[in-house]
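Taking it in order: structure first as structure tokens, then the write-up.
Number of protein chains: 4
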Amino acid sequence: MNEKNFKLAAALICEGHILQAEQSRHQREQLVTNLLAHRRLPVDGWDEDSIELFLRELSLMDSNNFAGAAGVGEREGRIWSSIVARRHFGLGHGVGRSGDIAAEQPKAAGSSLLQKLANYLALDALRIAGIKRCASCIVVPLATGMALSLVFTAMRQQRPAARYILWPRVDQKTCLKSILTSGCEPLVVQNVLSGDELHTDVDEMERLIGVHGADAIVCVVSTTSVFAPRAPDKVVEVAALCARLQIPHVVNNAYGVQASKTTHQLNEAMRVGRLDVFVQSTDKNFMVPVGGAVIASHDAKIVERIGGLYPGRASASAVLDLFVTLLQMGSSGYEQLLAQRKTSYLYLKGQLDAVASKHGERVLLTPSNPISLGMTLSSFDRASVTELGSMLFTRHVSGARVVNGTATSTIGTLQFAGYGAHCNQYPVPYMTAAAAIGLSKEEIDTFIQRLDKTIDEFRKRQLKPVESQE
Amino acid sequence: MNEKNFKLAAALICEGHILQAEQSRHQREQLVTNLLAHRRLPVDGWDEDSIELFLRELSLMDSNNFAGAAGVGEREGRIWSSIVARRHFGLGHGVGRSGDIAAEQPKAAGSSLLQKLANYLALDALRIAGIKRCASCIVVPLATGMALSLVFTAMRQQRPAARYILWPRVDQKTCLKSILTSGCEPLVVQNVLSGDELHTDVDEMERLIGVHGADAIVCVVSTTSVFAPRAPDKVVEVAALCARLQIPHVVNNAYGVQASKTTHQLNEAMRVGRLDVFVQSTDKNFMVPVGGAVIASHDAKIVERIGGLYPGRASASAVLDLFVTLLQMGSSGYEQLLAQRKTSYLYLKGQLDAVASKHGERVLLTPSNPISLGMTLSSFDRASVTELGSMLFTRHVSGARVVNGTATSTIGTLQFAGYGAHCNQYPVPYMTAAAAIGLSKEEIDTFIQRLDKTIDEFRKRQLKPVESQE
Amino acid sequence: MNEKNFKLAAALICEGHILQAEQSRHQREQLVTNLLAHRRLPVDGWDEDSIELFLRELSLMDSNNFAGAAGVGEREGRIWSSIVARRHFGLGHGVGRSGDIAAEQPKAAGSSLLQKLANYLALDALRIAGIKRCASCIVVPLATGMALSLVFTAMRQQRPAARYILWPRVDQKTCLKSILTSGCEPLVVQNVLSGDELHTDVDEMERLIGVHGADAIVCVVSTTSVFAPRAPDKVVEVAALCARLQIPHVVNNAYGVQASKTTHQLNEAMRVGRLDVFVQSTDKNFMVPVGGAVIASHDAKIVERIGGLYPGRASASAVLDLFVTLLQMGSSGYEQLLAQRKTSYLYLKGQLDAVASKHGERVLLTPSNPISLGMTLSSFDRASVTELGSMLFTRHVSGARVVNGTATSTIGTLQFAGYGAHCNQYPVPYMTAAAAIGLSKEEIDTFIQRLDKTIDEFRKRQLKPVESQE
Amino acid sequence: MNEKNFKLAAALICEGHILQAEQSRHQREQLVTNLLAHRRLPVDGWDEDSIELFLRELSLMDSNNFAGAAGVGEREGRIWSSIVARRHFGLGHGVGRSGDIAAEQPKAAGSSLLQKLANYLALDALRIAGIKRCASCIVVPLATGMALSLVFTAMRQQRPAARYILWPRVDQKTCLKSILTSGCEPLVVQNVLSGDELHTDVDEMERLIGVHGADAIVCVVSTTSVFAPRAPDKVVEVAALCARLQIPHVVNNAYGVQASKTTHQLNEAMRVGRLDVFVQSTDKNFMVPVGGAVIASHDAKIVERIGGLYPGRASASAVLDLFVTLLQMGSSGYEQLLAQRKTSYLYLKGQLDAVASKHGERVLLTPSNPISLGMTLSSFDRASVTELGSMLFTRHVSGARVVNGTATSTIGTLQFAGYGAHCNQYPVPYMTAAAAIGLSKEEIDTFIQRLDKTIDEFRKRQLKPVESQE
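Residue numbers (my numbering), protein chains in the order written: chain A, 4 to 473; chain B, 4 to 473; chain C, 4 to 473; chain D, 4 to 473.
This is the structure we're talking about:
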């Protein structure tokens, strides 16, 4: 409704009421003005209607939605299915152009604007979360693994003589596969045990670089979001090493944005050392469906170079999801979620402590890990302990991992002993649970109750009562 | 509504009516039964309601939608935004697992089922389109370029000693960037002019292989969907060569599924020679938003290997879009769209002929190209002819490309003369227009009218009437 | 997106593309301008997106959707359920005020505007359908029966001394109950048989008026949409009689808008005689869910008076449905539907003729009825013939009525012999079928096939073959 | 997904995961089972997905959604517009049949089931709210006024000799118009002032009945939801009187369900006296869009008789809205809303007290009114005080009523002095504000701030400072 239409409406409806409606309309448009001018999360999240209205406005800016347009190209953003058209708000062109995923599309001004704004909002969210030194980022419609692979490929192109990626061991397959997909060769750095916790062996890292020569190293990859009892990598120390030896440093920060301890260390790493790029998942940090990642850096040019490497166009879906979510959350909503997560972590730890001691176990001491917790399963038969995991899963507890520490695994040409435990021989079998963003108190209570009961059942199955263990 | 609930309903509503309703419910469930049992496109497309009902059923099969579930992992498929949840029908887990994009997710039986069914429907669609020898395919949430890159990476891993990809020149950046992203080196094969048409130089291809040695070649990449006046690559001859020299053969079939001439040649290539993998875009062939590709082969193991290379999870969005679209089209709807496209091509050609001769130009003779058409722009100043393209674009004609044939372009380290025209020196400047799937007669008429008018305006601007050119 | 916001967007996206998008935005707004200025159906129907965008704009004009509003009344248009809010596009205030259903609501400028526009569009649709003399109408959220009741109440208030409503018999309960609900007393006028057809007995009507005195008559109610073999009432002759005797004349035109024969007679009735108000169903004529009616007249004051009688507010749902439907149809779409219905009628008649003669029956000759057709069931046992109706219903044929003409029915204090057949003794049992708006050729074919088969089955059940009937 | 389909799915997906999904599916179906078996609000509200899934299931039970159905009636529930179809979940048949709004439709088992369940849920909600003696109710798609009119018509039919309705004065037009629309004559009972509060004059009521004779009285109508300073009618005393004199008693309980003080009095009235029917608005009590009412009684037969009076079918929209809302709220959600409203009332009263005393005014003492509050405006010029209302409205405060007590109004043939104040001469001008269900603390704060500020501005305009009034 533009001014002219409000005037026409006033011929049908009392002018005073129309004026008031027009006033209210301007307030809505002011929301858009603020977004376009400040390019930051609104303090208060937008309501559903305002968001959907804005998405339709963006959609009307794309050529496939121009009235009376004729499209004689091979790709015209036509959407055949009414269901599909609705779920994408009529946005069909995806993001990017042949040469560059961050490039603007002439046929799709609305989609292009959406992407730019999504990048700005993601940047603001990273800063709110604590990574103040972040200067630029891009939301890519690739999950973390593929996004890391893209980053490694870009790194390798900058250092054509290099072939190795130095990687402190984390027992999760994705990052390792990302290295392989990018055509690089991983050099595994084993962790060192300190108390219950597994730490980055920075000395071993330096030794390995010495062996192969700094020029042969594409980059070092640290991981900041890991399952207990592993600690997040010592990114500040690694960054210092990388600065000294002039080696690129990439951080796999998959779900680390949600923990202020982690974000502050990333910030510090950029201040005192070298940290080129850090990659985070959109689904794990912002509760959207799987499919996106944010590639970020203190240096806009690095981000630009990575975007420019992407061959062809890509889906706008993950970009849209993040954009909508951040707009609906607002900064106050996002901050509240971050604060709740901290509270949840403490509550989960307390409850886990209680249930552990009831069953003669204990929570592993992993003060460096702000998200994941481990509980020993020492009183059970090590070989059969994984059955407890299956039992929990069939009781609708998902995400609890039981690790016996005796499995071996082969990924590519690499062999790992004690797979799952991030080291060859972890002293005890254990179970992990994480306090991720969005976890509710009710879920924790449900988990603890079921865990308590399942441990009892499991013990009965094992015919190995607590008392007999002494 | 299960049997028990229908019985309870019969206590409230006349039993006869409930019986009839139950009967009708069974008919709907029979649709699902047929889909699960035959795994092919239904003959008649499903209505919107049946599709949305089924999507919600699938969604309820994922653990994030289990009532009373407790999720203590780092990734639990939580969807924070109501808008986002709705547009994904509550499906949050994406597709694939850390190790394999085609792998089933324990937490997400519904999403996994969706993906399997989408692959089956895509396979059926490829066969309906004419590629009968296709044995297996996978829908990946990557646009064509990134999908090709993934294929090249897989090929390279199979032939670690090789580094070159043989690539008959096509003046579109994506494929070339895919080669570069995969870390391979392109060997460009220039095309040969035959009449107006540009053809694959198979002899030159063999010569180049001889120079570098077959073992140094990762694969040959043919392209089947191209802008006139280039002809689709001679995939049958290339396949024969690849079979003889034992070199893998990949086809970039971006939007070739929609043309039976192309699909039959792919089929023939598999029958008489070697064609390992062919990749096609979901948006260009099936009118969904940008973001997906179908990687297909005559050999299920090849597809499996490529899927297994993918690091981590991926978005389910493109998979969902294709699934919904094919289910809503049905085979009869899809066949009708294919037939309409053929008719549109002939209609466009006829109309273009007319407008060309009116303005002293002619349609280029490119009988091998079943989709794209070219019209000479000989009567205009070659240097300024691209302005006509801009004029058309501002008049809401999208997709018409004006090529003067004198541009140069650098991609990576490669330089191309006459960029846009697929050869160093194309004799005339020209404009292209394509009859892609979904193009309507109304759009063709609008295009032709605007073209006619715009040529007149452009000539006036040039102050250079036809007669004065001699 | 207002001008200011487009300017801000141009700082993010190439200005040329933004300009083009803005241009396209203006085209959309022009649609709204046309609607507000001309208040008629657009020639081409609006697309879904444009309609939903406009509904949201209207919704934002209502006070419950003002940002930062404080509502301390007893009714503030709050919508608690997200599902409910979405299905009403946030419109919560309904239509009308305490005193008048057509009155504007200060709190709800958007809802009020919606209602006014819906009335204009309905008026335009009635005129397109042929009732050119219609001067004013109001869409009420009451189905036909309740709307008629409201009209009768208004009529009675104008003639406080009167108590009778003269009503040519139609065997459908609603209108009769409307008369009773309004507190009036019906005077039934039996129909006369002429060939197969049942006609209005205008002479008997005049006689009855003579008996009771014109002043005792609240109004005469004619019915124009009826099941064969009844003909629509002779509205032109009745109108002439009413004009002569100065008695109000109301027409129950439930589903008569769809037949040009009927609309032209209504028009003629207004030209030559007295026709005060005619009432039509929104669902039957415009394919929306049940719940609305259009109360129309040649005189705006009559419509206004009826609206002013309505106590309190009412649902906006039926108004919204009609508004959306007419906007989406456009006049060209609506005209096409009217033309298709005529074709369907002829096709249904032809097919019914064929199936009737195959089974030794015939189609009743009812040339005055443009919608409903009857087929004799003379060759069956009259008492059991209704079973055929049940058989058809269980075979998913709905709407076919089998009438044996021997039933009796009591409504209020009135008794009817031969109920269902509109007269005490119709010569033969029969079945009816109607060619209503929206009926497809496929449905007719399905109906005829099932009818053919069901008659065979029914005959077998009766053990009474055709030949034995002689 | 029935058992068979789950089995087929297990051929595609690991059987264990399918089993778990099937289990979860059964949990959902158990929700439906509970609803159909117990016909009460679930304790915990259903989530959106479960509700929408169930609505689609219901929709598939209606004949217009049967696959392969042929409809040859005049009304087949076709929905032309895709937007309209979606917002009604494909439900097109409305509720009721020609003869009875509560009757089941053979063509629409799903819609019929929806209506029955909605009635049960409404009954449960009324009981939860405190009206335990309520035995039956029906949700009608008519707002309160029209619903009351229907009730009065039914009452009148039972007492054909009667013509008067006894009505204690309430200054809101709807009820009075309802009486007029039903063809009855209102007898106004003036209220008596007691302190600040206006009370029912039960003695005058008895006197008036004596004057006209009990047989001449159709019914007495009490009103329980009123603006302060009027108190809700003394329904218990009136019920006792009606029992004694054998006169039907109807209560206009428009928005009284939300106040336990009111519901308990209704309950008591049924226990000790005569209360035939009570009518309440769906929008005001349950936060759905305007358009529905619940007609309830201690006697199922009375409700049935009223339903049977309704001529023809009606919209299902209001029924659907209430059904969805109650299902989504659950009893715990509803109870919480009721509790919050009580808290809001106290908070509003406290804040109003503060702002009143700041400006030299006071809150009227109306302890009998549990929802509405009045604040004196004694320090202002009585004639111009209504301007304050307009000022508040333009500052986005809606629902605050300013009453100067000097207006006169004519409704039908009745004249009212002091209109708005429920009596001919209320001592002071005042403003009202209500704590209705759904009012948030934020809104109260906003209201109080704006009120405070607006009073200041208004006083400046009047140039009449507080001190000068003495």
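We put the CB at the ideal spot given by N, CA and C, even for glycine.
Own chain residues within Cβ distance below 7 Å of residue i, not counting five before or after
{"i": "Ile298/D", "result": "Cys140, Ile141, Val143, Ala150, Val154, Val280, Val282, Val306 and Ile309"}
{"i": "Ala234/D", "result": "Glu200, Leu201, His202, Thr369, Ser371 and Asn372"}
Backbone CA spacing between residue i and residue j [nearest angstrom]
{"i": "Ala439/C", "j": "Ser284/C", "result": "13 Å"}
{"i": "Gln193/C", "j": "Ala165/D", "result": "32 Å"}
{"i": "Asp103/C", "j": "Thr203/C", "result": "36 Å"}
{"i": "Arg210/C", "j": "Tyr429/C", "result": "24 Å"}
{"i": "Phe396/B", "j": "Asp455/C", "result": "58 Å"}
{"i": "Tyr422/A", "j": "Gln175/A", "result": "9 Å"}
{"i": "Asp324/D", "j": "Val223/C", "result": "38 Å"}
Pair within 8 Å by beta-carbon distance, residue i and residue j
{"i": "Asn270/C", "j": "Gly133/C", "result": "yes"}
{"i": "Tyr167/C", "j": "Leu190/C", "result": "yes"}
{"i": "Gly95/B", "j": "Val293/A", "result": "yes"}
{"i": "Val205/B", "j": "Leu244/B", "result": "yes"}
{"i": "Tyr350/A", "j": "Lys463/A", "result": "no"}
Beta-carbon proximity list for residue i, same chain, < 8 Å, skipping 5 on both sides
{"i": "Glu51/A", "result": "Gln331"}
{"i": "Ala319/B", "result": "His91, Leu94, His96, Gly97, Val98, Ser114, Leu117, Gln118 and Pro144"}
Residue range of the unbroken beta strand (DSSP E) whose run includes residue i
{"i": "Gly276/C", "result": "Gly276/C -> no beta strand (DSSP E), and no H or E assigned at all."}
{"i": "Thr435/A", "result": "Tyr433 to Ala437"}
{"i": "Leu56/B", "result": "Leu56/B -> not in any beta strand (DSSP E); alpha helix (DSSP H) instead, spanning Glu51 to Leu63."}
{"i": "Gly377/A", "result": "Ser375 to Thr379"}
{"i": "Val46/C", "result": "Segment: none, Val46/C is in no beta strand (DSSP E) and carries neither H nor E."}
{"i": "Ile298/C", "result": "Ala296 to Ser300"}
Endpoints, the alpha helix (DSSP H) within which residue i is located
{"i": "Ser335/D", "result": "Ser320 to Lys361"}
{"i": "Arg478/B", "result": "Because chain B is modelled from 4 through 473, residue 478/B falls outside the range shown and cannot be assessed."}
{"i": "Val35/D", "result": "Glu18 to His41"}
Beta-carbon proximity list for residue i, same chain, < 6 Å, skipping 5 on both sides
{"i": "Ser225/C", "result": "Asp236, Val238, Val241 and Val254"}
{"i": "Phe450/B", "result": "Val400"}
{"i": "Thr379/B", "result": "Glu364, Arg365, Val431 and Tyr433"}
{"i": "Arg453/D", "result": "Arg398 and Val400"}
Scan the stretch 197-227 of chain C and note each continuous alpha helix (DSSP H) run of 4 residues or more that stays entirely inside, going in chain order. 205-215
Beta strand (DSSP E) segments (min. 3 residues) lying fully within the stretch 129-175 of chain A: 139-143 and 167-171
Which runs of the beta strand (DSSP E), 3 residues or longer, sit entirely within the stretch 401-426 of chain A? 404-406, 412-414 and 417-419
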